[in-house]
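A.B. asks:
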Amino acid sequence: MLLSIAAASGCSALAAVVDRTAYCQPEDPVVTPQRVAPGDELHIETTGRETGVDCEPRMPDRARYAVSIMSEMPDSDPAMGRYAAALGVLDPSSDGAAEGTVRIPGDIPAGKAEVFLSLQGAKTICELDPSIGCAKNPSAPIDVSD
């Protein structure tokens, strides 16, 4: 994806072409098992980048998917807030597919949570163009038991 930037000063014009490549987020991950306990391992897999979006078809070597988890707001005590933690990093293939295993933190509270993938090391379309609203990072729901 190429964006042209032109600047005019008086009667002269300066045109510059800047290569600003945008990459797609991964598809929503598939996680197994979907019911886990603190300390359990969780397998994560994504089949590749989202389709139907105008972005580069190949991921750069520097791209990684940061894996994180966030619990729902507890109904019993909303002031307690959400639990959030980084779980690790997945290395995508050139087509955006990735898989790996992470460990659920031992201090996560029981209840519903989501596992998120966030593209790191490569700009997405909405990061290059702030007028485009970014969608929620790809995610999968899980249940955390006691």
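Start counting the sequence shown at 1; every next residue gets the next number (the working numbering). Using N, Cα and C, we set each Cβ at its ideal position, and we do this for glycine too. Since this is a predicted model, take the numbers as computed values, not measurements.
Does the Cβ of Ala86 have 16 or more other Cβ atoms within 10 Å, making it buried, or fewer, making it exposed?
C.D. replies: Per the 10 Å Cβ criterion, exposed.
A.B. asks: Quick one: is Arg103 buried, meaning 16 or more other Cβ sit within 10 Å of its Cβ, or exposed?
C.D. replies: exposed
A.B. asks: Tell me, please, which residues DSSP counts as bridged to Ser131.
C.D. replies: Note: Ser131 sits in no beta bridge, so no partner.
A.B. asks: Classify Ile44 as helix, strand or coil using the three-state DSSP reduction.
C.D. replies: Strand, per DSSP.
A.B. asks: Mark Val144 as exposed unless 16 or more other C-beta atoms lie within 10 angstroms of its C-beta, in which case mark it buried.
C.D. replies: Burial check for Val144: the Cβ neighbour count within 10 Å reaches 16 or more, so the residue is buried.
A.B. asks: Relative to the alpha-carbon of Gly106, which residue among Ser131, Ala140, Tyr83 has its alpha-carbon at the smallest distance?
C.D. replies: Its Cα nearest to that of Gly106, the residue Tyr83 stands out among Ser131, Ala140, Tyr83.
A.B. asks: Identify, in the order they occur along the chain, each residue of the same chain with its Cβ nearer than 7 Å to the Cβ of Asp91, setting aside the five sequence neighbours on each side.
C.D. replies: Spatial neighbours of Asp91 in its own chain (CB-CB distance under 7 Å, excluding positions within 5 residues in sequence) are listed in chain order as Arg64, Ala98.
A.B. asks: In this structure, how does DSSP classify Ser108 when only helix, strand and coil are distinguished?
C.D. replies: Rather than Ser, the amino acid found at residue 108 in this sequence is Ile. Ile108 falls in the coil class under three-state DSSP.
A.B. asks: I think Ala122 touches Pro60, with their Cβ atoms under 8 Å apart; what is that distance to the nearest whole Å?
C.D. replies: 5 Å
A.B. asks: How would you call Pro29, buried or exposed, if buried means at least 16 neighbouring beta carbons within 10 angstroms?
C.D. replies: Classification for Pro29: buried.
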